[in-house]
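Protein chains in written order, with this note's numbering: chain A, 145 to 500; chain B, 145 to 500; chain C, 145 to 500; chain D, 145 to 500.
Quick reminder that beta carbons are idealized off the backbone N, C-alpha and C, glycines included.
From a predicted model like this one, the values you see are computed outputs, not experimental measurements.
A short worksheet on the structure shown next.
Protein chains: 4
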Amino acid sequence: KRAREFGIRIGVMQPGALNAITDVRGVKVGHTTLIKGDSIRTGVTAIVPAEGNLFQQKIPAAIFVGNGFGKLAGITQVNELGNIETPIVLTNTLSVPIAMQAVAGLAMAEKGNENLRSVNAVVGETNDGYLNDIRGRHVSVTDVEAAVKTAASGKVKEGNVGAGTGTICFGFKGGIGTASRKLPASLGGYTVGVIVQSNFGGVLEIDGAPVGKVLGKFDFSDRLLNNVDGSCMIVVATDAPIDHRNLMRLAQRAMLGLGKTGGIASNGSGDYVIAFSTAEGLRIPHSGNSATQTVTLLQNDSMSPLFMAAIEATEEAIINSLFMAGGMKGRNGNSVEALPLTQVLPILQKFNRLQP
Amino acid sequence: KRAREFGIRIGVMQPGALNAITDVRGVKVGHTTLIKGDSIRTGVTAIVPAEGNLFQQKIPAAIFVGNGFGKLAGITQVNELGNIETPIVLTNTLSVPIAMQAVAGLAMAEKGNENLRSVNAVVGETNDGYLNDIRGRHVSVTDVEAAVKTAASGKVKEGNVGAGTGTICFGFKGGIGTASRKLPASLGGYTVGVIVQSNFGGVLEIDGAPVGKVLGKFDFSDRLLNNVDGSCMIVVATDAPIDHRNLMRLAQRAMLGLGKTGGIASNGSGDYVIAFSTAEGLRIPHSGNSATQTVTLLQNDSMSPLFMAAIEATEEAIINSLFMAGGMKGRNGNSVEALPLTQVLPILQKFNRLQP
Amino acid sequence: KRAREFGIRIGVMQPGALNAITDVRGVKVGHTTLIKGDSIRTGVTAIVPAEGNLFQQKIPAAIFVGNGFGKLAGITQVNELGNIETPIVLTNTLSVPIAMQAVAGLAMAEKGNENLRSVNAVVGETNDGYLNDIRGRHVSVTDVEAAVKTAASGKVKEGNVGAGTGTICFGFKGGIGTASRKLPASLGGYTVGVIVQSNFGGVLEIDGAPVGKVLGKFDFSDRLLNNVDGSCMIVVATDAPIDHRNLMRLAQRAMLGLGKTGGIASNGSGDYVIAFSTAEGLRIPHSGNSATQTVTLLQNDSMSPLFMAAIEATEEAIINSLFMAGGMKGRNGNSVEALPLTQVLPILQKFNRLQP
Amino acid sequence: KRAREFGIRIGVMQPGALNAITDVRGVKVGHTTLIKGDSIRTGVTAIVPAEGNLFQQKIPAAIFVGNGFGKLAGITQVNELGNIETPIVLTNTLSVPIAMQAVAGLAMAEKGNENLRSVNAVVGETNDGYLNDIRGRHVSVTDVEAAVKTAASGKVKEGNVGAGTGTICFGFKGGIGTASRKLPASLGGYTVGVIVQSNFGGVLEIDGAPVGKVLGKFDFSDRLLNNVDGSCMIVVATDAPIDHRNLMRLAQRAMLGLGKTGGIASNGSGDYVIAFSTAEGLRIPHSGNSATQTVTLLQNDSMSPLFMAAIEATEEAIINSLFMAGGMKGRNGNSVEALPLTQVLPILQKFNRLQP
């Protein structure tokens, strides 16, 4: 069950209908989950930001680096040109090249892109090498294509799926999580949706309750308890009409949500936030007839509610990734337990975080 | 009383002896507090990072921009050359020029600097214009000099002092706050100290307890409740031997501590983190006899405990600024109440955050 | 005489009518020149980007750091919010605070700004301490106000005026220089204008001719010949409708023009480029009635001709600053000779750079 | 023949013995050149920065973005951690993923890296799609491995080799070029070596002579003449002992060298500079026994001669790429002529740039 089903109410804003990134209209998510034999525990998650040919009709975007110890592909072009022109794919660290290969292949094969000779694949990753035989590089081009092609709107699978199949978060099984917030109509009525691939450490807090501290499960009590090559990938979608500059500001805020779960952006954790806008009228033609484009954009002064929404949705998406992930056994007999609800729920109760 | 005196225990690490930035040996803090008549509610806080002639013996430093809507002076040189060569001065927004003038004047007058013809004053600010007649620009060169010259080690005054005299935080009276963390000897035994000038908004959380939410006092419930031109200045000191690059990473982490208090780095909040290292052997001679310098630096892999320390100390410093600030009446009869302990302590009790 | 009057034709594009930043309609320039006694050789140059109340109707802008060893004020807010809200003022290094004080004062005094309690003064500087008694800080608030208030469209004074009064460039007398380029109508017909305050070193090249090399006057032949604390301030104006992101890209290109004069952005040279757009319809209201703004912007694909224009105009503006500056004697009997035309013109002739 | 063999003497500093990046001791370069049938005109160039296991003994590095419209892989980790842990590989745009795959594979297979589960491949690219069937993605893992494994010190092949096989520069055939500069002993005696993959446009200048202008061959005379999806990859090596921060500054200077050839960093040109230091004692152990490392670093004040060296070597490397590339016929019967020496040498003569 998701966090909210236990009575956890993170923040003060309202979630969207699905409490998922897919509450932002047009956003689709697909997973390929690879669980094979004793040691393959990995996968691919694709976020398709909008309908239609993304290369021909690009999407305003920005990528913020929370901690650059990671292999995310595509960042400089997104931030130079202010847009994204492919689906966003998440996978494991050593499968980034194959995922890029697949994304480029899909773009080349898409109708209308016959003359495409350059495309900027955006691929993020975290390291699932504790549970997964990551050196085996088991993700194939077909696996990536499947994640993109099966991407759908509606409910999003969370936990041990897709790129979250083999990840670890705060010493427990992490994975994919999602959440959303909807602004009141008086503030524009915009939706902010977040999806995360959680694979990082710190001292877990759930809606402010000091779960990691009470469980004695945290880094740096007197030595490095948790030495995972972690990372967190965060994707933020919104239908608010904002361009690259304000998307970058929005992306930067998502890190505060990570901080609220107890994450510390440790040295080994490559933390990135990819933000994009699906707003009508902001799509950027690859080759237009016109030298100019007319766009309607939100002013700086109206950004703050979106900032809060991104913080809340990121926090909840990470917590959802923990609640939705079961325990997992993998490579070398390594295993990671799920968030132990029998211990955690009483802690939440004790700290008064479960609402009826 | 400070937060910890009420039984609040933020984080899992130990504070230093004073739980203040001055736990980092050599760091001194001075305040000039200006409360005059009905409408002057402002001041200056100076952080002197180390002994001796700072211009001749510079200090490794970095400045991270959490949200650049502010007037902080000196950032590009600190980040280009990797060092700081003056005390750090905090004041109100419109007094930044005067503070720079004073800092430069002190540097010119210092013995040994007779040939100084260029100096990079680092001055931060937040906007105290609700309580203070900020347009009057009441801070004088003498006021700034006094803050620098009276800077001392030992206990640090908090609350409505110095640059925090007129600031507002989460709708309550904010001000100056400080805290520190000391790593266990097994992790190097380094100290991280933080001082803040708190003047920003969001939904207040105290050690994870949803104080702002319970009090119904937060931004964006359905409109902008809190329209202050805010900001938060955060100064992080450490005796760990780290250079500009890792100081920048450390500074970036401090923003997560701000996030944990419920801050959202709103559009109007200019949030900056200035980090420096006082480690022996890292001081950079203004004009050396040698083209090279030999330094002993902490490796990337050893940074994570410092990151956690910066997050915890920042969170606690902000909370201390609230606990230590009394109510204040100022310009135009405007008044801001202190954190209402009679309401807040029961909330903390209810959320089980007060330890005996 | 300006470079072009000698038959020097830098680049392949056409200059505007005045070959000055004021070819961009609405841009005004004013100077206060301070030459007093034996040792005051400094001043102020103000660039007023557009008509009207700049604080109430801000201008899209970006600031690129070529080399951050300088004291430029205002950068973080310009780059966070994407706009500029005051005139741009250039002066000497130690007069930045006074110039900020003056700019803020003017903004506060301007009609319509009665409630202004925060304003981001953009002030750049170079170090004229060889010829000028810079430690005396002789620039006054009145001097800065005079530069702003007397700013005018039309022909721009160059050489030893304003902020260029005491500067040195390639070992010769530098100063203020300006130039412009106008795109052909087929490429939009936009104008790019540049003004510089030149105070840096390297190996002078004039339109590709190796003047510094032939004269044997350059840095690093076998030691540091030229040890000035230099810098170059470059301001780029355009009427092309471009926002912060593309203005930043435009600003970055101006550094290539500096490189073409033989500049090397030496360690001690704080080189900054401030770019802004005066295009109709892009002005940003300080407090609007609407949460959104509709703007018509040039596409990325149309930027390249503007990039070339910025490079050419920057190169020519720097060369003009040298041609227009006479020799100057100043502090301590120090003197700097003007570009020695009797030597330079024959070199240009020899390298075939003078056109009839 | 290389530019210098025709009597062209770019700059004022002395080249190293080979006038190549391999003048920096330990640096090796390897090429795989793919010329097959009518339409395969591409390849791979590998720069191996130092001897030994690069993953276990990393190298200080930085990557500067001149214009981010490109697919360079590995940037965020290099800039976060300040080092590089693999060879640098250059290839065509759509072969970046395969090159990353190969680089990761080589690292995994290297003795001592049996536990490697994360590695940051640094792969740059330019787009050779005019002459090459880039959509065919003809570069294989084996091709990349061959370039790395055959990398050698000594003379470097230039022109239509490796990653330069199918590139175009200023409308002529570009390719690989290299050059170096050696500082006088009084300035440290350090060497700076540069290698480029040239594939960009502008108005060609050769040692200041306006070749493109005289030939009437340039962009933006009245329309876009040159619409190549270009780019320039620049790799800067030095044996000077400098860390990430000063390597970034050095990398930024290389763009000035590109500017001096007439390059404009056009919208479609993804221009990147990768800089690294081979200095003894700066190699960073992947997993050390010590939390700290002692290093001897050059001071900021000593950087300027290195800056000039990087600018000169970059300019000459680009010019060499043009002089060393023959004409090429490729995809769709497209052909690109070599720099037409019969026209160019007289122009250089006329502008007095050929020395006996």
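Subject >> C-alpha distance - A/Gly-181 paired with A/Leu-250, whole-angstrom precision >> reply: The residue labelled residue 181 of chain A in the question sits at position 37 within the first sequence. The residue labelled residue 250 of chain A in the question sits at position 106 within the first sequence. Distance between the alpha carbons of A/Gly-181 and A/Leu-250: 29 Å.
Original post:
What are the boundary residues of the alpha helix (DSSP H) that A/Ser-465 is part of?
Top reply: Counting from 1 along the first sequence, the entry for residue 465 of chain A is found at position 321. Where A/Ser-465 is concerned, the enclosing alpha helix (DSSP H) stretches over 448 to 467.
**OP:** Under 6 Å Cβ to Cβ from B/Asp-527, same chain only, skipping five residues before and after it: list those, please.
**Re:** This structure gives no information on residue 527 of chain B, because the portion of chain B shown stretches from 145 to 500.
Subject >> When C/Ala-457, C/Phe-316, C/Met-252, C/Asn-223 are compared against B/Gly-280, the one with the closest alpha-carbon >> reply: As a first step, residue 280 of chain B is located in the second sequence; it is residue number 136 there, counting from the start. Looking at the Cα atoms, C/Met-252 is the closest of the given residues.
Original post:
Who are the neighbours of B/Pro-385 on chain D, taking C-beta pairs under 9 Å?
Top reply: Position 241 of the second sequence, counted from the first residue, corresponds to residue 385 of chain B. Within 9 Å Cβ-Cβ: Thr-436.
Original post:
Mind checking if C/Gly-315 is an interface residue toward chain D, Cβ cutoff 9 Å exclusive?
Top reply: Looking up residue 315 of chain C in the third sequence gives position 171. Taking Cβ atoms only, chain D never reaches closer than 9 Å to C/Gly-315, which makes this a no.
**OP:** Take A/Gly-477 and list the residues in its own chain whose beta-carbon comes closer than 6 Å to its own, dropping the five residues that flank it on each side.
**Re:** Counted from its first residue, the first sequence places residue 477 of chain A at position 333. If we look at A/Gly-477 and ignore the five residues flanking it on each side, it has no Cβ neighbours.
Subject >> Cβ pair B/Ala-419, B/Ala-206 closer than 9 Å >> reply: As a working mapping, residue 419 of chain B is identified with position 275 in the second sequence. As a working mapping, residue 206 of chain B is identified with position 62 in the second sequence. Yes, these two residues count as a Cβ contact at 9 Å.
Original post:
By how many angstroms is the C-alpha of A/Leu-198 removed from the C-alpha of A/Ala-381?
Top reply: By 1-based counting over the first sequence, the position of residue 381 of chain A is 237. By 1-based counting over the first sequence, the position of residue 198 of chain A is 54. So the alpha carbons of these two residues sit roughly 15 Å apart.
Original post:
What number of angstroms, rounded off, separates the C-alpha of B/Lys-326 from the C-alpha of A/Lys-357?
Top reply: As a working note, residue 326 of chain B is residue 182 in the second sequence. As a working note, residue 357 of chain A is residue 213 in the first sequence. Rounded to whole angstroms, B/Lys-326 to A/Lys-357 spans 18 Å at the Cα level.
Original post:
Would you call C/Leu-485 buried or exposed, if buried means 16 or more other Cβ atoms sit within 10 Å of its Cβ?
Top reply: Working through the third sequence from its first residue, we reach residue 485 of chain C at position 341. So C/Leu-485 ends up on the exposed side.
Original post:
Assuming C/Ala-398 contacts C/Ile-378 under a Cβ cut-off of 8 Å, what Cβ separation, rounded to an integer in Å, is found between them?
Top reply: Taking the first residue of the third sequence as 1, we reach residue 398 of chain C at position 254. Taking the first residue of the third sequence as 1, we reach residue 378 of chain C at position 234. Confirmed, Cβ separation roughly 5 Å.
Subject >> chain C contact for D/Gln-396 (CB, 9 Å cutoff) >> reply: Numbered from 1 along the fourth sequence, position 252 holds the residue referred to as residue 396 of chain D. Yes, contact with chain C.
Subject >> Cβ of A/Glu-456 within 9 Å of any chain C Cβ >> reply: The residue labelled residue 456 of chain A in the question sits at position 312 within the first sequence. For A/Glu-456, the answer is no, since every Cβ of chain C falls outside 9 Å of its Cβ.
**OP:** My understanding is that D/Pro-204 touches D/His-430, with C-beta atoms under 8 Å, so please give their C-beta distance in whole angstroms.
**Re:** Taking the first residue of the fourth sequence as 1, we reach residue 204 of chain D at position 60. Taking the first residue of the fourth sequence as 1, we reach residue 430 of chain D at position 286. That belief does not hold up - the Cβ atoms of D/Pro-204 and D/His-430 are roughly 14 Å apart, past 8 Å.
**OP:** Can you say whether B/Gly-210 is buried or exposed, counting buried as having 16 or more other CB atoms within 10 angstroms of its CB?
**Re:** In the second sequence, residue 210 of chain B corresponds to position 66, counting from 1. Per the 10 Å Cβ criterion, buried.
**OP:** Note down the Cα distance separating B/Tyr-274 from B/Cys-313, rounded to an integer number of angstroms.
**Re:** Residue mapping note: residue 274 of chain B aligns to position 130 of the second sequence, counting from 1. Residue mapping note: residue 313 of chain B aligns to position 169 of the second sequence, counting from 1. B/Tyr-274 and B/Cys-313: Cα-Cα distance of roughly 12 Å.
**OP:** Using a Cβ-Cβ cut-off of 9 Å, state whether B/Leu-369 counts as contacting chain C.
**Re:** Against the second sequence, residue 369 of chain B aligns to sequence position 225. Since pLDDT at B/Leu-369 reaches only 47, below the 50 mark, its modelled position is unreliable, and the value read off the structure follows with that caveat. No, its Cβ sits nowhere closer than 9 Å to a Cβ of chain C.
Original post:
Using DSSP with H/G/I as helix, E/B as strand and the rest coil, what is A/Phe-501?
Top reply: A query on residue 501 of chain A cannot be resolved here, the shown segment of chain A reaching from 145 to 500 and no further.
Subject >> As assigned by DSSP and simplified to three states, the class of D/Met-472 >> reply: In the fourth sequence, counting from the first residue as 1, residue 472 of chain D sits at position 328. Strand at D/Met-472.
Original post:
Would a C-beta distance cut-off of 9 Å place D/Ile-339 and D/Ile-165 closer than the cut-off?
Top reply: Residue 339 of chain D sits at position 195 when you count from the first residue of the fourth sequence. Residue 165 of chain D sits at position 21 when you count from the first residue of the fourth sequence. Yes, they are a contact pair.
Original post:
How big is the Cα-Cα spacing for B/Gly-256 and B/Ile-228?
Top reply: Residue mapping note: residue 256 of chain B aligns to position 112 of the second sequence, counting from 1. Residue mapping note: residue 228 of chain B aligns to position 84 of the second sequence, counting from 1. Whole-angstrom Cα-Cα distance: 17 Å.
Original post:
Taking DSSP as the reference, what is the three-state secondary structure of D/Ser-479?
Top reply: Your numbering for residue 479 of chain D matches position 335 in the fourth sequence. Strand at D/Ser-479.
Subject >> Any chain D beta carbon closer than 9 Å to B/Leu-260 >> reply: As a position in the second sequence, residue 260 of chain B is number 116, starting the count at 1. At a cut-off of 9 Å between beta-carbon atoms, B/Leu-260 makes no contact with chain D.
**OP:** Report the option in C/Ser-413, C/Ala-482, C/Gly-308 whose CA atom is closest to the CA atom of C/Gly-374.
**Re:** Here the question's residue 374 of chain C lines up with position 230 in the third sequence. Of C/Ser-413, C/Ala-482, C/Gly-308, the residue nearest in Cα terms is C/Ser-413.
**OP:** Would you check if the stretch 230 to 249 of chain D and the stretch 434 to 449 of chain D touch, i.e. whether three or more CB-CB distances between them fall below 8 Å?
**Re:** no
Subject >> Proximity to C/Lys-293 [Cα-Cα], best of C/Leu-331, C/His-175, C/Ala-248 >> reply: What you label residue 293 of chain C is simply residue 149 of the third sequence in a count that begins at 1. Measuring from the Cα of C/Lys-293, the nearest candidate turns out to be C/His-175.
**OP:** At 4 residues or longer, and completely inside the stretch 155 to 238 of chain C: list those alpha helix (DSSP H) runs for me, N to C.
**Re:** 219 to 225
Subject >> B/Val-439 at chain D interface by Cβ criterion, 9 Å >> reply: Within the second sequence, numbered from 1, the residue matching residue 439 of chain B stands at position 295. Taking Cβ atoms only, chain D reaches closer than 9 Å to B/Val-439, which makes this a yes.
**OP:** Just tell me which of C/Phe-150, C/Met-157, C/Ala-323 has its CA closest to the CA of C/Ala-329.
**Re:** For the purposes of this step, residue 329 of chain C is taken as the residue at position 185 of the third sequence. C/Ala-329 has its Cα closest to that of C/Met-157, out of C/Phe-150, C/Met-157, C/Ala-323.
Subject >> Cβ of B/Gly-210 within 9 Å of any chain A Cβ >> reply: Walking along the second sequence from the start, residue 210 of chain B turns up at place 66. By this cut-off, B/Gly-210 is an interface position.
**OP:** Kindly confirm or deny that the stretch 464 to 483 of chain B and the stretch 464 to 473 of chain D touch, where touching means at least three C-beta pairs closer than 8 Å.
**Re:** no
**OP:** Could you give the DSSP three-state label for A/Gly-346: helix, strand or coil?
**Re:** To locate residue 346 of chain A, count along the first sequence from 1; it is residue 202. DSSP places A/Gly-346 in strand when its eight states are reduced to three.
Subject >> Helix, strand or coil at B/Thr-270 [DSSP, three-state] >> reply: Residue numbering aside, residue 270 of chain B sits at position 126 when the second sequence is read from its first letter. In the three-state DSSP reduction, B/Thr-270 falls in the strand class (E or B).
Original post:
Contact check, C/Cys-376 vs C/Thr-270 under 8 Å by CB: the rounded distance?
Top reply: Counting from 1 along the third sequence, the entry for residue 376 of chain C is found at position 232. Counting from 1 along the third sequence, the entry for residue 270 of chain C is found at position 126. About 7 Å separates the two Cβ atoms, so the contact holds.
**OP:** From the DSSP output, in three-state form, read off D/Ala-419 for me.
**Re:** In the fourth sequence, the residue the question calls residue 419 of chain D occupies position 275. Strand at D/Ala-419.
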